[in-house]
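Just below is one structure, and these are the notes that go with it.
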Amino acid sequence: MKELKIMACSDLHGSKDALTKLAAVVDSGSFDLVIVCGDFTTFGTTDYTKEFLKRMKCRVLAVPGNCDVPDTVGVLEEAHASVHNARVVVDGWNFYGFGGALPSGSDMPFEIAEDLLERSLREVAVADGVMITHVPAYGMNDSTRFGNHGGSEGVLRVAQEFKPVLALSGHIHESQGRALNKDTIFVNPGPARHGCYASIVLGESADVEFFGSRPTRSRPATY
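Under our numbering, read the sequence shown as residues 1031 to 1253, first letter to last.
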């Protein structure tokens, strides 16, 4: 399979500065693919998502986050950018995913029960692919500012069964980083609204470089 250079980002939350910065990074970085792990906005309209897709000068793949309105899925599908409840092949690589997050007790636009998330993700998963979710796998870059885990046990089980080469997620702003579990590299690129993203070279493995400063655990984060 062809080696791919990927810019991974998440949690833009409607930031115009983030959009400008990421567009400039893509313009100057010879990327093959941009992957967005959700939360284009914070309960906003789809206008920002449309503008993001327009500004990126290479192919985009994305899932919605828990703060994205449901219409975001249709916008992504129209642009052939959605991997929400879907699988897409790019240069021989299988990319699959599911968006949203687990119920939080707050009134979020895009939440999904753990069992449905796991079942839906398993239906599109294949071995040795790239898994894209908004909520991280449990224990993988999911430590919250409260000191607990904010990830999904269902996502972790799917990853352990299908062994993706790379698993990308966001959601937990203060847990930018890389973790290894058996054959899978788990990456949280950090919140783009705070200037964070990751540059990834995907080949036999995944070489990851992080940019931006992740929020501290005392700093407010949006889940």
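Glycine included, every Cβ here is placed at the ideal spot set by N, Cα and C.
Quiz item: Using the beta-carbon count (16 or more within 10 Å), is residue 1250 buried or exposed?
Solution: For residue 1250, the predicted structure reports a pLDDT of 39, less than 50, and the residue's modelled location is therefore unreliable. A value from the coordinates is still provided. Residue 1250 comes out exposed.
Rounded to whole angstroms, how far is the Cβ of residue 1240 from the Cβ of residue 1171, which I believe are closer than 8 Å?
Contact flag wrong, Cβ pair sits at about 11 Å.
Pairwise C-alpha distance: residue 1066 and residue 1219
10 Å
Looking at the unbroken alpha helix (DSSP H) that takes in residue 1102, where does it start and where does it end? 1101 to 1108
Would you be able to state if there are at least three C-beta pairs under 8 Å between the stretch 1195 to 1210 and the stretch 1139 to 1150? no
Review point. If you check the beta carbons only, do residue 1201 and residue 1095 fall under 8 Å apart?
Key: yes
With a CB to CB cut of under 6 Å and the five nearest residues on each side skipped, what residues in its chain are close to residue 1185? 1163, 1167
Can you give me the C-alpha to C-alpha distance between residue 1126 and residue 1071, rounded to a whole angstrom?
Each residue's Cα considered, the two are about 22 Å apart.
Might you give, ordered along the chain, the residues of its own chain that have their beta carbon closer than 7 Å to the beta carbon of residue 977, omitting 5 neighbours on each side? Here the chain comprises residues numbered 1031 to 1253, so residue 977 is not present and cannot be evaluated.
Practice item. Could you tell me whether the Cβ of residue 1161 comes closer than 8 Å to any Cβ of chain B? Key: Although the question refers to chain B, the structure presented lacks it and comprises just one protein chain.
Roughly how many whole angstroms lie between the Cα atoms of residue 1088 and residue 1224?
23 Å
Assigned secondary structure, residue 1070 (DSSP; H/G/I helix, E/B strand, else coil) = coil
Nearest-angstrom Cα separation, counted from residue 1176 out to residue 1121: 41 Å
- How many angstroms separate the CA atom of residue 1081 from the CA atom of residue 1157? Those two C-alpha atoms are separated by around 33 Å.
Review point. Which residue from 1044, 1150, 1154, 1183 puts its Cα closest to that of residue 1078?
Key: The residue with the shortest Cα to Cα distance from residue 1078 is 1044.
| said: Looking at the strands, I want to know which residues DSSP matches up with residue 1127. | reply: 1114, 1162
| said: What does the alpha-carbon distance come out to for the pair residue 1221 and residue 1174? | reply: 13 Å
Between which two residues does the alpha helix (DSSP H) harbouring residue 1042 extend? Note, residue 1042: premise wrong, no alpha helix (DSSP H); not H, not E.
Worksheet item: Is it true that the CB of residue 1117 sits closer than 8 Å to the CB of residue 1154?
Response: yes
Can you tell me whether residue 1031 is buried or exposed, with buried defined as 16 or more other CB within 10 angstroms of its CB?
exposed
Item to check | Three-state secondary structure (DSSP) of residue 1033 | outcome: Reduced to three states, the DSSP call for residue 1033 is coil.
query = Should residue 1103 go down as buried or exposed, given a rule of 16 or more other Cβ atoms within 10 Å for buried?
reply = With 16 or more Cβ atoms within 10 Å of its Cβ, residue 1103 is classed as buried.
Q) By Cβ distance below 7 Å, which residues in the same chain neighbour residue 1242 in space, the five residues on each side in sequence not counted? A) 1220, 1224, 1225, 1226, 1227, listed in sequence order.
#### Entry: Spatially closest choice to residue 1114 from 1037, 1192, 1076, 1068, by CA coordinates
Per the Cα distances, 1068.
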